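Participant:
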Amino acid sequence: MKEVKPSKRPILAYYVIIFLVIIFFNSLIMPMFKSNEVKSVDYSSFITMTENKEIDKVQVEQDQILFTKKGDKQAYKTAPMNDPQLVDRLHQSGADFTGKITTPMNPILDLALTWILPILIFFGIGHYMNKKIMKNMGGPGAMQFGLGKSNAKIFVKPTDGIKFSDVAGEDEAKDSLKEVVSYLHNPSRYKEIGAKMPKGILLVGPPGTGKTMLAKAVAGESEVPFFSISGSEFVEMFVGMGAAKVRDLFKQAKEKAPCIVFIDEIDAIGKKRGGAAIGGNDEREQTLNQLLTEMDGFEDNTGVIILAATNRPESLDPALTRPGRFDRQVPVGLPDLQGREAILKVHASKIKHAPNIDYNKVARMASGASGAELANIVNEAALRAVRDHRSYATEEDMEASIEVVIAGYEKKHAILSDKEKCVVSYHEIGHALVAALQSHSAPVQKITIIPRTSGALGYTMQVDKGNHYLMTKEELLDQIATLTGGRAAEEVVFHTSSSGASNDIEKATKLARAMITRFGMSDEFGMVAMETVTNQYLGGDTTLACSPETAARIDRAVSDLIKTQHAKAVKLLEENRPKLDALAKYLYEKETITGEQFMQILEHGVPEEKPAAPVPSMDLNLEK
Numbered sequence: 001m002k003e004v005k006p007s008k009r010p011i012l013a014y015y016v017i018i019f020l021v022i023i024f025f026n027s028l029i030m031p032m033f034k035s036n037e038v039k040s041v042d043y044s045s046f047i048t049m050t051e052n053k054e055i056d057k058v059q060v061e062q063d064q065i066l067f068t069k070k071g072d073k074q075a076y077k078t079a080p081m082n083d084p085q086l087v088d089r090l091h092q093s094g095a096d097f098t099g100k101i102t103t104p105m106n107p108i109l110d111l112a113l114t115w116i117l118p119i120l121i122f123f124g125i126g127h128y129m130n131k132k133i134m135k136n137m138g139g140p141g142a143m144q145f146g147l148g149k150s151n152a153k154i155f156v157k158p159t160d161g162i163k164f165s166d167v168a169g170e171d172e173a174k175d176s177l178k179e180v181v182s183y184l185h186n187p188s189r190y191k192e193i194g195a196k197m198p199k200g201i202l203l204v205g206p207p208g209t210g211k212t213m214l215a216k217a218v219a220g221e222s223e224v225p226f227f228s229i230s231g232s233e234f235v236e237m238f239v240g241m242g243a244a245k246v247r248d249l250f251k252q253a254k255e256k257a258p259c260i261v262f263i264d265e266i267d268a269i270g271k272k273r274g275g276a277a278i279g280g281n282d283e284r285e286q287t288l289n290q291l292l293t294e295m296d297g298f299e300d301n302t303g304v305i306i307l308a309a310t311n312r313p314e315s316l317d318p319a320l321t322r323p324g325r326f327d328r329q330v331p332v333g334l335p336d337l338q339g340r341e342a343i344l345k346v347h348a349s350k351i352k353h354a355p356n357i358d359y360n361k362v363a364r365m366a367s368g369a370s371g372a373e374l375a376n377i378v379n380e381a382a383l384r385a386v387r388d389h390r391s392y393a394t395e396e397d398m399e400a401s402i403e404v405v406i407a408g409y410e411k412k413h414a415i416l417s418d419k420e421k422c423v424v425s426y427h428e429i430g431h432a433l434v435a436a437l438q439s440h441s442a443p444v445q446k447i448t449i450i451p452r453t454s455g456a457l458g459y460t461m462q463v464d465k466g467n468h469y470l471m472t473k474e475e476l477l478d479q480i481a482t483l484t485g486g487r488a489a490e491e492v493v494f495h496t497s498s499s500g501a502s503n504d505i506e507k508a509t510k511l512a513r514a515m516i517t518r519f520g521m522s523d524e525f526g527m528v529a530m531e532t533v534t535n536q537y538l539g540g541d542t543t544l545a546c547s548p549e550t551a552a553r554i555d556r557a558v559s560d561l562i563k564t565q566h567a568k569a570v571k572l573l574e575e576n577r578p579k580l581d582a583l584a585k586y587l588y589e590k591e592t593i594t595g596e597q598f599m600q601i602l603e604h605g606v607p608e609e610k611p612a613a614p615v616p617s618m619d620l621n622l623e624k
């Protein structure tokens, strides 16, 4: 595709028009105005009016005589004559006359003031307005319809880029992509057997799982030209610009084949066409159509492999994800326990750290964290070591950084009253005790009542011993009971409730609704899906797919399920009230206890220590 330079003729045409308007104005319009203002008469008429004393004011100039008549605002002019008696006549007529000697204006100055200055003024105004319009429309290149450059970043044979060894926790995804690297290094091996490498590979998964990093690793391992561009860079204001960019991108890629083209956030241009919406985005659809043509058109794209990443695969057009275009989808999900441990080790190798860190323990505490969050945890550990004036990070730093990522920093200046501190102590011990007294709950790792910047006044951390891929009905019910344990403890001890359980209520409601509408764990509804999940990689929003009457029944079922588990939590705490009081008092004094300390007190009682400072009575009533 031959590059077309933007035409400047439209802008030049504007200035030509302005120039012609100035000529027309000076040549035709101005004389018309002047003719309306001053009326020409012959010299004899002027002499007659002078002798009849009709003249009011007179101004004698070198090339003309200007005068007005009495009682008339009209201005007149006449050509001067060689009349020595003119002054005497004017004096006898009683006219008010003055003489003015003018010298001809310099021709160059006259030209400058009459033509050059107005043109410069109009040129400056036009330039300013053109600049403002271009700025508002997206920059100087917004009106360059024929340019169509892709703006893709090109990396030719990167030698210091990311390798597969730098990407941990995604072994299955790496195995799929290593095949691409092998093909680029030795394509004849695949051609001998008649195998064809997929034209497109789509990386799908939640944000922060390493999709872009995997694409960079493919480029680093392949050592072939790598084109990187975001899907949003194809989106333009004018129809045809995005399609031109797609053509230019593939033109460059074919010239440098074999190569890799990586399109990040491809859902920006690959959304489903049509639908119920009126009208549509012609520019986006034309861009998508051009991409479809380039990926599987009549022209051969041998040697050009396309990688794309998205966290909304359900929104992509079916024509884009069919075999022949994006032949393979590679899930890049959240890492499991072994993956988290490997990721932590990769990032910890980039900082100074103690040699005895138990990465398996840290990985278990960071359950559900993505690769980006694990990298942030390691970085927070290094920052904590610097704040404490240490030269390396320790396991304690790692564990503390997990709490920072989960709940935020400790509020050092947030001072709870004795009553509030007592309530929070019972609340958190309520969670931990209900969890410990059930057989399907994860072990308690840590309990604290130190307020955090996230708004939490305390929290109870539970950590599974290993990977957990399935949740049974009993486990889910126990989890709901554990979530209601904080409120249950407040009711058992203080016979009232506080606002501290708002987050627990939200989690319990969401879990109970999922059991009924999606997991088929309700006797009333059975194995019927009442809800659909959208954007599974972006929070998992749900949409009810039932009638209003059924929705009301679901609400009642959710409420009954939570009430049942709440009653179960209340019963467990009432039956173990002495342990609840002992643990709450110990937490009140220490503010933070570990899971080992919690289990030790639960099984053997509070260890004997030196007398501590007196604490308020633990049977405080919130209404006092």
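Quick note: the sequence shown uses full-length UniProt numbering, first residue 1, plus one each step. Cβ coordinates follow ideal geometry from the N, Cα and C atoms, glycine included. Since this is a predicted model, take the numbers as computed values, not measurements.
(1) Is the beta carbon of residue 675 sitting closer than 8 Å to the one on histidine 427?
(2) Using a threshold of 7 Å, is the CB atom of lysine 73 nearer than that to any non-hydrogen atom of the ligand ADP?
(3) Within the same chain, show all residues whose beta-carbon is closer than 6 Å to that of valine 38, passing over the 5 residues directly before and after it, in chain order.
(4) So, helix, strand or coil for threonine 484, using DSSP?
(5) Which residue spans inside the segment 217-270 form an unbroken beta strand (DSSP E) run of at least 3?
(6) Any contact of the segment 456-471 with the segment 534-553, i.e. 3+ C-beta pairs under 8 Å?
(7) Measuring straight from C-alpha to C-alpha, what distance separates phenylalanine 598 and glutamate 341?
(8) Please report the residue range of the alpha helix (DSSP H) in which arginine 189 lies.
(9) Just how far apart, CA to CA, sit threonine 472 and glycine 200?
(10) Which one of Gly540, Lys510, Leu457 and Thr592 has the shortest CA to CA distance from aspartate 555?
(11) Is leucine 292 near alanine 268, with beta carbons less than 8 Å apart?
(12) When the Cα of aspartate 175 is compared with those of Ser188, Ala215 and Gly208, which residue comes out closest?
(13) Below 8 Å between beta carbons: does that hold for valine 533 and glycine 520?
(14) Assign arginine 322 to one of three DSSP states: helix, strand, or coil.
(15) Please classify aspartate 72: does DSSP put it in a helix, a strand, or coil?
(16) Is serine 93 near threonine 48, with beta carbons less than 8 Å apart?
(17) Under 8 Å, do proline 225 and lysine 254 count as touching if we go by C-beta distance?
(18) Using a 10 Å radius around the Cβ and a threshold of 16 neighbouring Cβ atoms, would you call alanine 79 buried or exposed?
(19) Measure from the alpha carbon of serine 230 to the alpha carbon of each residue in Ala372, Leu307, Gly194 and Glu294, then state which is nearest.
(20) Could you check the C-alpha separation between lysine 191 and threonine 543 for me, to the nearest Å?
(21) Pair every Cβ in the segment 381-396 with every Cβ in the segment 353-366, then say whether three or more of these pairs are closer than 8 Å.
(22) Do aspartate 166 and valine 346 have their CB atoms nearer than 8 Å?
(23) Pull up the distance between the alpha-carbon of lysine 507 and that of aspartate 248, whole angstroms please.
(24) Should glutamate 491 and serine 499 be called a contact, given that it needs their Cβ atoms to be closer than 8 Å?
(25) By Cβ distance below 6 Å, which residues in the same chain neighbour arginine 328 in space, the five residues on each side in sequence not counted?
(26) What residues in its chain sit with their C-beta under 8 Å from that of aspartate 541, if we drop five residues either side in the sequence?
(27) Jot down the residue ranges of each uninterrupted alpha helix (DSSP H) in the segment 534-605, minimum 4 residues, whole runs only, in chain order.
(28) Which residues in the same chain have their Cβ closer than 6 Å to the Cβ of serine 222, if we skip the five residues on either side of it in sequence?
(29) If you compare alpha carbons, which of Tyr588, Thr517, Ala456 and Leu433 is closest to cysteine 422?
(30) Report yes if the C-beta distance between isoleucine 266 and threonine 212 is below 8 Å; otherwise report no.
(31) What did DSSP end up calling glycine 526 once you bin it into helix, strand or coil?
(32) Specify the secondary structure class of glutamine 85 as computed by DSSP and reduced to three states.
(33) Assuming alanine 512 and valine 558 are in contact, meaning their beta carbons sit under 8 Å apart, how far apart are those beta carbons, in whole angstroms?
(34) Pick from Ser502, Met530, Asp504 and Asp523: whose alpha carbon is nearest that of alanine 514?
(35) Quick check on the burial criterion: 16 or more other C-beta atoms within 10 angstroms. Buried or exposed for alanine 545?
(36) If you draw a straight line from the C-alpha of histidine 95 to the C-alpha of leucine 120, how long is it?
Facilitator: This is what the structure gives:
(1) Residue coverage of the chain in this structure runs from 1 to 624, which leaves residue 675 outside it and unanswerable.
(2) What this structure holds is no ligand at all, so the ligand ADP is not there to describe.
(3) Ala75 and Lys77
(4) helix
(5) 226-230 and 259-264
(6) no
(7) 26 Å
(8) 187-191
(9) 38 Å
(10) Lys510
(11) no
(12) Ala215
(13) no
(14) coil
(15) coil
(16) no
(17) no
(18) exposed
(19) Leu307
(20) 48 Å
(21) yes
(22) yes
(23) 50 Å
(24) no
(25) Pro198 and Ile201
(26) Val533, Thr534 and Asn535
(27) 548-575, 577-590 and 595-604
(28) Val181 and Leu184
(29) Tyr588
(30) no
(31) coil
(32) coil
(33) 5 Å
(34) Met530
(35) exposed
(36) Note on identity: in this sequence residue 95 is alanine, with histidine being the wrong assignment. One C-alpha to the other measures close to 44 Å.
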